[in-house]
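J.:
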Amino acid sequence: MMNSKTMLHDFVRRLTLRDDPDEIQGIAYQVFEHLFHLSRTEMLMGKEIIPTAAEEDRLAEIVTRLNRHEPIQYVLGEAYFFGRKFAVSSAVLIPRPETEELVQAILHHSLPGEPDSLSILDIGTGSGCIATTLALELRPAKVYATDVSPAALQVATQNANTLQASVSFLPHNILTEPLPFTNLSAVVSNPPYITTREQAAMHANVLDYEPHLALFVPDDDPLLFYRAIAARAFPALVSKGLLAVEINEQYAAAVEEAFRAAGFSNMKTVRDIPGKDRIVMAVKP
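The numbers in the sequence shown follow our numbering, run straight up by one, and end at 296.
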């Protein structure tokens, strides 16, 4: 028998991360909740447990990976989004709070049509967190999701199946292929939007582990994906259909102008909780 509180303190001591102590403690709680199925209360009370040899080996592996600055979500293979657990791997971006705000913005928007006739497309779905959440929150809307990465589509399909969300997934390259959809009520996307020059200011846990395909755009063409999304979404949307995207805070005005040039109107930029321009919404007239 081992005291879980003592084990937790030992685990924290083995971590060499330079993060805030509270953040490191939070990571430790996550690991022990995941590995030993303990609540924080049980850990604080020092519940006695009997770790198996496999669990002790896994704990050692977790320490090693965390000390290499691998994100805890990849180490544990899971992340939370909109209160639900999603599987993640290095093939997909880790779901982030600002993307939850994108989903909230869509849920608060009055989409054209009755609930049972709504159809929504998520472009560049990654883990499927946006598409799966919208499918669950807007039942019985039809939800479609695309990605250029077969590995990402595999993760997204797994998540939709696990959470019992009805989402249709298909491979698609928004830069080179027209959308095989018509009469959509909404198009949503969190496309690559970090310029290459911004890499210098990024943390190693993002730069070294998250998929660059889903992160970066060329310095000389930061709106590459937004122009393609707008051009292909416009003919696929119904009148009063919504286009909503997550953006690089530096390019809100430029994204709005790109959407205006594609024929959209009613442009609106929404700031995230920290106060940065993070979402652009537009409507097809």
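In this text, a Cβ means the ideal position worked out from N, Cα and C, and glycines have one as well. None of the values given here were measured: they were computed from a predicted structure.
Taking one C-beta from the stretch 89-104 and one from the stretch 61-75 each time, how about it: are there three or more such pairs within less than 8 Å?
T.: no
J.: Tell me the DSSP secondary structure of Gly105 in three-state form.
T.: Residue 105 sits at position 94 when you count from the first residue of the sequence shown. Here residue 105 turns out to be Ile, not Gly, going by the sequence shown. Ile105 falls in the coil class under three-state DSSP.
J.: Compare the beta carbon distance of Val114 and Ile141 with 9 Å and say whether it is the shorter of the two.
T.: Translated into positions along the sequence shown, residue 114 becomes position 103. Translated into positions along the sequence shown, residue 141 becomes position 130. In this structure, Ile141 lies closer than 9 Å to Val114 by Cβ.
J.: Can you say whether Ile61 is buried or exposed, counting buried as having 16 or more other CB atoms within 10 angstroms of its CB?
T.: Residue numbering aside, residue 61 sits at position 50 when the sequence shown is read from its first letter. Flag for Ile61 reads exposed.
J.: Is the beta carbon of Ala163 sitting closer than 9 Å to the one on Val103?
T.: As a first step, residue 163 is located in the sequence shown; it is residue number 152 there, counting from the start. As a first step, residue 103 is located in the sequence shown; it is residue number 92 there, counting from the start. Result yes, Cβ atoms of Ala163 and Val103 sit closer than 9 Å.
J.: Which two residues bound the contiguous alpha helix (DSSP H) that contains Tyr85?
T.: Taking the sequence shown and counting its residues from 1, one reaches residue 85 at position 74. For Tyr85, the enclosing alpha helix (DSSP H) starts and ends at Ile83 to Leu87.
J.: With a cut-off of 8 Å on the beta carbons, I'd call Phe236 and Ile205 a contact; round off their distance for me.
T.: Within the sequence shown, residue 236 is the residue found at index 225, counting from 1. Within the sequence shown, residue 205 is the residue found at index 194, counting from 1. The Cβ separation is near 11 Å, so there is no contact.
J.: Can you find a heavy atom of the ligand SAH that lies under 8 Å from the Cβ of Phe43?
T.: The ligand SAH is not among the ligands present in this structure, which contains no ligands whatsoever.
J.: Could you tell me which uninterrupted beta strand (DSSP E) segments, each at least 3 residues in length, are contained entirely in the stretch 177-219, listed from first to last along the chain?
T.: As summarised for the stretch 177-219, the continuous beta strand (DSSP E) elements at least 3 residues long and confined to that stretch are 178-182 and 195-200, given in chain order.
J.: Reducing DSSP to helix, strand and coil, say where Ile73 ends up.
T.: What you label residue 73 is simply residue 62 of the sequence shown in a count that begins at 1. Of the three classes helix, strand and coil, the one that applies to Ile73 here is helix, per DSSP.
J.: Of all the alpha helix (DSSP H) runs that stay within the bounds of the stretch 45-74, which reach a length of 4 or more residues?
T.: The stretch 45-74 contains these whole alpha helix (DSSP H) runs: 51-55.
J.: Thinking C-beta only, is Val166 closer than 9 Å to Val99?
T.: As a working mapping, residue 99 is identified with position 88 in the sequence shown. As a working mapping, residue 166 is identified with position 155 in the sequence shown. Pairing Val99 with Val166 gives a Cβ-Cβ distance under 9 Å.
J.: For Gly35, which residues of its own chain have a beta-carbon under 8 Å away from its beta-carbon, when the five flanking residues on both sides are left out?
T.: Translated into the one-based positions of the sequence shown, residue 35 becomes position 24. For clarity, residue 35 is Ile in the given sequence; the question names Gly instead. Taken in chain order, the residues that qualify are Val23, Leu26 and Leu28.
J.: Going by the CB atoms, is the gap between Val154 and Ser179 shorter than 9 Å?
T.: Indexing the sequence shown from 1 puts residue 179 at position 168. Indexing the sequence shown from 1 puts residue 154 at position 143. Closer than 9 Å, so yes.
J.: What does the Cβ neighbour count give for Ser250, buried or exposed, with the cut at 16 atoms within 10 Å?
T.: For this step, residue 250 is matched to residue 239 along the sequence shown. Exposed, because fewer than 16 other Cβ atoms sit within 10 Å of the Cβ of Ser250.
J.: Between the alpha carbons of Leu77 and Pro189, how many angstroms are there, rounded?
T.: By 1-based counting over the sequence shown, the position of residue 77 is 66. By 1-based counting over the sequence shown, the position of residue 189 is 178. Computed Cα separation, rounded: 41 Å.
J.: Can the beta-carbon of Pro202 be found less than 9 Å from the beta-carbon of Glu257?
T.: As a working mapping, residue 202 is identified with position 191 in the sequence shown. As a working mapping, residue 257 is identified with position 246 in the sequence shown. Yes. Within cutoff.
J.: In this structure, how does DSSP classify Ala150 when only helix, strand and coil are distinguished?
T.: Within the sequence shown, residue 150 is the residue found at index 139, counting from 1. The sequence given here places Arg at residue 150; Ala does not occur at that position. Note: Arg150 maps to coil in three-state DSSP.
J.: If contacts are defined as beta-carbon pairs under 8 Å, then Ser276 and Ser196 qualify, I think. What distance do you get, rounded to the angstrom?
T.: Taking the sequence shown and counting its residues from 1, one reaches residue 276 at position 265. Taking the sequence shown and counting its residues from 1, one reaches residue 196 at position 185. Ser276 to Ser196, Cβ: 17 Å. No contact.
J.: Keeping to the same chain, check which residues put their C-beta closer than 8 Å to that of Thr110; ignore five residues upstream and five downstream.
T.: Stepping through the sequence shown from its first residue, residue 110 is reached at position 99. Excluding sequence neighbours, Thr110 sits near Phe92, Cys140, Ile141, Asn201 and Glu257.
J.: State the Cα-Cα distance for the pair Glu148 and Phe97, rounded to the nearest angstrom.
T.: Locating residue 148 in the sequence shown gives position 137, counting from the first residue. Locating residue 97 in the sequence shown gives position 86, counting from the first residue. Approximately 16 Å, taken between the alpha carbons.
J.: Assuming Glu257 is part of the beta strand (DSSP E), what are its boundary residues?
T.: Taking the sequence shown and counting its residues from 1, the one referred to as residue 257 is at position 246. Here the beta strand (DSSP E) through Glu257 covers Leu248 to Glu257.
J.: Work out the CA separation of Gly37 and His119 for me, nearest whole Å.
T.: Within the sequence shown, residue 119 is the residue found at index 108, counting from 1. Within the sequence shown, residue 37 is the residue found at index 26, counting from 1. Distance between the alpha carbons of His119 and Gly37 is about 32 Å.
J.: Smallest Cα separation from Lys279: which of Gln261, Leu254, Glu66 and Ser138?
T.: Translated into the one-based positions of the sequence shown, residue 279 becomes position 268. Among Gln261, Leu254, Glu66 and Ser138, the Cα nearest to that of Lys279 is on Leu254.
J.: Hey, Thr207 and Phe227 are a contact pair by Cβ (cut 8 Å); roughly how many whole angstroms apart?
T.: The sequence position of residue 207 within the sequence shown is 196, counting from 1. The sequence position of residue 227 within the sequence shown is 216, counting from 1. 6 Å between Cβ atoms; contact.
J.: Only counting the same chain, and skipping five residues up and downstream in sequence, which positions put a Cβ closer than 8 Å to that of Val217?
T.: Counting from one through the sequence shown, the residue named residue 217 turns up at place 206. These residues qualify, in order along the chain: Pro82 and Leu226.
J.: Output the distance between the C-alpha atoms of Thr17 and Arg79, rounded to the nearest integer angstrom.
T.: Walking along the sequence shown from the start, residue 17 turns up at place 6. Walking along the sequence shown from the start, residue 79 turns up at place 68. Between Thr17 and Arg79, the C-alpha separation is close to 24 Å.
J.: Could you name the residues of the same chain whose beta carbon sits closer than 7 Å to that of Ser160, not counting the 5 residues immediately before and after it, in chain order?
T.: Start at 1 with the first residue of the sequence shown, and residue 160 comes out as number 149. Taken in chain order, the residues that qualify are Ala102 and Leu224.
J.: Starting from Arg29, follow the alpha helix (DSSP H) in both directions and report where the run begins and ends.
T.: Working through the sequence shown from its first residue, we reach residue 29 at position 18. That residue, Arg29, is in no alpha helix (DSSP H); it is neither H nor E in DSSP.
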